[in-house]
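A.B. asks: Sharing a structure with you now.
2 protein chains.
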Amino acid sequence: MANRLDTGALLGHLPLFRNLDARQLALMARACQEVRIAKHGFAFQRGDPANGLYVVAVGTIKLAIPSPSGQEKVLEFFTAGQAFGEAVMFLDKPYMVQAQALEDTLLLWIDKQDIYAAIDHDPSFARRMLAGLSLRLHALVQDIEAVNLQNATQRVAGYLLRQPREDGQIHLSVNKNVVASKLGLTPETLSRLLGQLSGKGYIAVEGRDVQLLDAAALEALLYGR
Amino acid sequence: MANRLDTGALLGHLPLFRNLDARQLALMARACQEVRIAKHGFAFQRGDPANGLYVVAVGTIKLAIPSPSGQEKVLEFFTAGQAFGEAVMFLDKPYMVQAQALEDTLLLWIDKQDIYAAIDHDPSFARRMLAGLSLRLHALVQDIEAVNLQNATQRVAGYLLRQPREDGQIHLSVNKNVVASKLGLTPETLSRLLGQLSGKGYIAVEGRDVQLLDAAALEALLYGR
DNA sequence: CGAAAGTTTGAGTTGCTTCAACCGCGGTGG
DNA sequence: CCACCGCGGTTGAAGCAACTCAAACTTTCG
Numbered sequence: 041m042a043n044r045l046d047t048g049a050l051l052g053h054l055p056l057f058r059n060l061d062a063r064q065l066a067l068m069a070r071a072c073q074e075v076r077i078a079k080h081g082f083a084f085q086r087g088d089p090a091n092g093l094y095v096v097a098v099g100t101i102k103l104a105i106p107s108p109s110g111q112e113k114v115l116e117f118f119t120a121g122q123a124f125g126e127a128v129m130f131l132d133k134p135y136m137v138q139a140q141a142l143e144d145t146l147l148l149w150i151d152k153q154d155i156y157a158a159i160d161h162d163p164s165f166a167r168r169m170l171a172g173l174s175l176r177l178h179a180l181v182q183d184i185e186a187v188n189l190q191n192a193t194q195r196v197a198g199y200l201l202r203q204p205r206e207d208g209q210i211h212l213s214v215n216k217n218v219v220a221s222k223l224g225l226t227p228e229t230l231s232r233l234l235g236q237l238s239g240k241g242y243i244a245v246e247g248r249d250v251q252l253l254d255a256a257a258l259e260a261l262l263y264g265r
Numbered sequence: 041m042a043n044r045l046d047t048g049a050l051l052g053h054l055p056l057f058r059n060l061d062a063r064q065l066a067l068m069a070r071a072c073q074e075v076r077i078a079k080h081g082f083a084f085q086r087g088d089p090a091n092g093l094y095v096v097a098v099g100t101i102k103l104a105i106p107s108p109s110g111q112e113k114v115l116e117f118f119t120a121g122q123a124f125g126e127a128v129m130f131l132d133k134p135y136m137v138q139a140q141a142l143e144d145t146l147l148l149w150i151d152k153q154d155i156y157a158a159i160d161h162d163p164s165f166a167r168r169m170l171a172g173l174s175l176r177l178h179a180l181v182q183d184i185e186a187v188n189l190q191n192a193t194q195r196v197a198g199y200l201l202r203q204p205r206e207d208g209q210i211h212l213s214v215n216k217n218v219v220a221s222k223l224g225l226t227p228e229t230l231s232r233l234l235g236q237l238s239g240k241g242y243i244a245v246e247g248r249d250v251q252l253l254d255a256a257a258l259e260a261l262l263y264g265r
């Protein structure tokens, strides 16, 4: 029991489950299962049936659309405390995306039925669920906007500006290959563009650390011209 | 009262509101407002605050992301009975898309508060709402897949195959300019590709009517090579 | 320490766009 | 009634942004 995870406490801290009452929370904590995924392993793949949702306890998950030709389009990352895989659960369709661990990861899996029970029992849980899906939708629309209406440079600039930073310092949470895929670019193109922005003095890149030297200039790229 | 719309009956027929009880439905029917939008008019534009959702009573609405340069990316169309604009309602963000009428259109508008009330009152309503959002999400992911992992020809083939048809006969619900935008193409490119597919004998195009002559060949384009 | 993965740089290619001209058709006003 | 306009659509020629292919260099990790 030493290495045992306190699932109740963990769930209770998630925004999604925040004001679920104690009984309901305990029920859910008991119902959920721990799933360990090794680095590069999959929580689920395209075509798998969706019978529940996942919550990241430890680690990082990459959600991506695979393609027959081996390339993939990265949609989103999830780290400790975030839920994923909820959307398809409500339809009766198989996953059209895959969830891959970027490092050794511990997930909690909650059955569809238990989620439904929580929805029926607590309307505020339903609202949180709705808000969660809406947020996901919002992110996807942003992605679509980026790919369809912005050129490569603007996508990179936009991405950098959206990253969390402390005094202009950004640390990329994933490697540049993955960032490139998220932006709908090849690694080569991303590398060249970062080099270009560095050359102009807008940013300084060192490995996964990026310093924003001239955020205003980046915004100008995004909007003006 | 002759021209008066029976909102209660209309709402009651929507999948979203199907098994809302009579009292709740009546409440909602009384709460909702009729909104008339002339062709080319907007139900809302990017940046507008979202305080409720819309249901199409009569007409067609085009949801699109506008861009400063005047072009736009079409996301989806909505016709009689479909709801839209629900997603942003749950976040406290303004719309990032615009809803434009493709013809004279009559909408019903329902306030956020009334929706919340229905969610709290009837868990099955919440589930329907969740399913609705999930469906929207699914569609967006398909869109992203198309733009990122398929070439222009595949996108066109995929689109045609997804359209409702009777013995291979498709009728485009919107003009080709709009279809092109939905596919992330220029009108010129779409025209060329349709011509090309016609040339190969896979389809026959006449105005907005498209005959699928060889659906298998189109699927082959999508998957194999 | 060596193999594999990640990153950068260079050179050449291409799929789609852009620009431009043209056609046909429906509506509209003189 | 017909000339005119404007929009939707097609076609051609030229351009370019991003990709592909290839090779070298760097970092990570077993």
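Just so you know, the sequences run in chain order F and A.
Going by my numbering, the first sequence opens with residue 41, and the numbers climb by one from there.
Going by my numbering, the second sequence opens with residue 41, and the numbers climb by one from there.
The beta-carbon is built from N, C-alpha and C at its ideal position, and this holds for glycine as well.
Can you pull the chain F residues whose beta carbon is under 7 Å from the beta carbon of residue 159 of chain A, in chain order?
C.D. replies: 163, 166 and 167
A.B. asks: Taking the CB atoms as reference points, tell me whether residue 57 of chain F and residue 135 of chain F lie closer together than 9 Å.
C.D. replies: no
A.B. asks: Going by C-alpha distance, which of A/98, A/55 and A/229 is nearest residue 75 of chain A?
C.D. replies: It is A/98.
A.B. asks: Using only CA atoms, which one of A/80, A/78 and A/92 lies nearest to residue 158 of chain A?
C.D. replies: When only C-alpha atoms are compared, the closest one is A/92.
A.B. asks: Rounded to whole angstroms, what is the Cα-Cα separation between residue 42 of chain A and residue 61 of chain A?
C.D. replies: Since pLDDT at residue 42 of chain A reaches only 38, below the 50 mark, its modelled position is unreliable, and no value is offered.
A.B. asks: Put residue 41 of chain A into one of helix, strand or coil per three-state DSSP.
C.D. replies: Confidence is the limiting factor: at residue 41 of chain A the pLDDT is only 40, short of 50, which leaves the residue's position unreliable, though a coordinate-based value still follows. Residue state, collapsed to three classes: coil.
A.B. asks: What is the DSSP secondary structure of residue 211 of chain A, counted as helix, strand or coil?
C.D. replies: DSSP places residue 211 of chain A in strand when its eight states are reduced to three.
A.B. asks: Excluding the 5 residues flanking residue 54 of chain F on each side, which residues of the same chain have their C-beta closer than 6 Å to its C-beta?
C.D. replies: 121
A.B. asks: Apply the 10 Å Cβ neighbour rule to residue 100 of chain A and answer buried if 16 or more other Cβ atoms are within range, or exposed otherwise.
C.D. replies: buried
A.B. asks: Look at the Cβ atom of residue 243 of chain A, then the Cβ atom of residue 180 of chain A, and state whether they are nearer than 9 Å.
C.D. replies: no
A.B. asks: What three-state label does DSSP hand residue 245 of chain A in the structure shown?
C.D. replies: strand
A.B. asks: What residues of chain F sit near residue 263 of chain A, judged by a beta carbon separation below 9 Å?
C.D. replies: Those within 9 Å of residue 263 of chain A in chain F are 108.
A.B. asks: Assuming residue 118 of chain A is part of the beta strand (DSSP E), what are its boundary residues?
C.D. replies: That run of the beta strand (DSSP E) goes 112 to 119.
A.B. asks: Using a Cβ-Cβ cut-off of less than 9 Å, list which residues of the region 182 to 195 of chain F approach chain A; keep chain order.
C.D. replies: 182, 183, 184, 185, 187, 188, 189 and 190
A.B. asks: At the level of alpha carbons, what is the spacing between residue 214 of chain A and residue 185 of chain A?
C.D. replies: 22 Å
A.B. asks: Can you tell me which of A/108, A/142 and A/107 puts its alpha carbon nearest to the alpha carbon of residue 119 of chain A?
C.D. replies: In terms of CA proximity to residue 119 of chain A, A/142 leads the group A/108, A/142 and A/107.
A.B. asks: Hey, out of F/238, F/207 and F/151, whose CA is closest to residue 196 of chain F's CA?
C.D. replies: Of the candidates F/238, F/207 and F/151, F/238 places its Cα closest to the Cα of residue 196 of chain F.
A.B. asks: Mind listing, in chain order, the continuous alpha helix (DSSP H) runs of no fewer than 4 residues lying wholly within the region 113 to 164 of chain F?
C.D. replies: Whole alpha helix (DSSP H) segments, 4+ residues: 126 to 130 and 152 to 161.
A.B. asks: For residue 125 of chain F, count the other beta carbons within 10 Å of its own beta carbon; 16 or more makes it buried, fewer makes it exposed. Which is it?
C.D. replies: Per the 10 Å Cβ criterion, buried.
A.B. asks: State the beta-bridge partners of residue 20 of chain F as determined by DSSP.
C.D. replies: No answer is possible for residue 20 of chain F: it lies beyond the span of chain F, which begins at 41 and ends at 265.
A.B. asks: Examine chain A for any beta-carbon lying closer than 9 Å to the beta-carbon of residue 242 of chain F, and answer yes or no.
C.D. replies: no
A.B. asks: Comparing C-alpha positions only, which one of A/130, A/174, A/259 and A/148 sits nearest to residue 77 of chain A?
C.D. replies: A/148
A.B. asks: Mind listing the chain F neighbours of residue 133 of chain A? Cutoff is C-beta to C-beta under 8 Å, in chain order.
C.D. replies: 178
A.B. asks: Does the ligand COA have even one heavy atom less than 8 Å from the beta-carbon of residue 131 of chain A?
C.D. replies: As far as ligands go, the structure on display features none, and thus does not contain the ligand COA.
A.B. asks: Which residue marks the beginning of the alpha helix (DSSP H) containing residue 227 of chain A, and which one marks its end?
C.D. replies: Under the DSSP assignment, residue 227 of chain A falls in the alpha helix (DSSP H) whose first and last residues are 227 to 239.
A.B. asks: If we count the other Cβ atoms within 10 Å of its Cβ and call it buried at 16 or more, is residue 79 of chain A buried or exposed?
C.D. replies: Burial call: exposed.
A.B. asks: Beta-carbon of residue 125 of chain F versus every beta-carbon of chain A: anything under 9 Å?
C.D. replies: no
A.B. asks: From the DSSP output, in three-state form, read off residue 97 of chain A for me.
C.D. replies: strand
A.B. asks: So, for residue 18 of chain A: in the same chain, excluding its five sequence neighbours on each side, which residues have a beta-carbon less than 8 Å away from its beta-carbon?
C.D. replies: Look at the range of chain A in this structure, 41 to 265, and you will see that residue 18 of chain A is not part of it.
A.B. asks: Mapping the DSSP letters down to three states, classify residue 108 of chain F as helix, strand or coil.
C.D. replies: coil
A.B. asks: Using 9 Å as the limit for Cβ to Cβ distance, is residue 71 of chain F near chain A?
C.D. replies: no
A.B. asks: Note down, in chain order, every chain A residue with its Cβ under 8 Å from the Cβ of residue 266 of chain F.
C.D. replies: Outside the shown range of chain F (41 to 265) lies residue 266 of chain F, about which nothing can therefore be said.
A.B. asks: With a threshold of 9 Å between beta-carbons, can residue 43 of chain A be considered close to chain F, or not?
C.D. replies: Note that residue 43 of chain A has pLDDT 43, beneath the 50 cutoff, so the model's placement of it is unreliable and the number below is only indicative. Cβ-Cβ to chain F under 9 Å: no for residue 43 of chain A.
A.B. asks: Are the C-beta of residue 67 of chain F and some C-beta of chain A separated by less than 9 Å?
C.D. replies: By this cut-off, residue 67 of chain F is not an interface position.
A.B. asks: Across which residues does DSSP place residue 84 of chain A in a beta bridge pair?
C.D. replies: A/139, per the DSSP bridge assignment.
A.B. asks: Against residue 93 of chain A, what residues of chain F qualify as contacts under a CB-to-CB distance less than 8 Å, listed in chain order?
C.D. replies: Here the premise fails: no neighbours, minimum Cβ distance about 11 Å.
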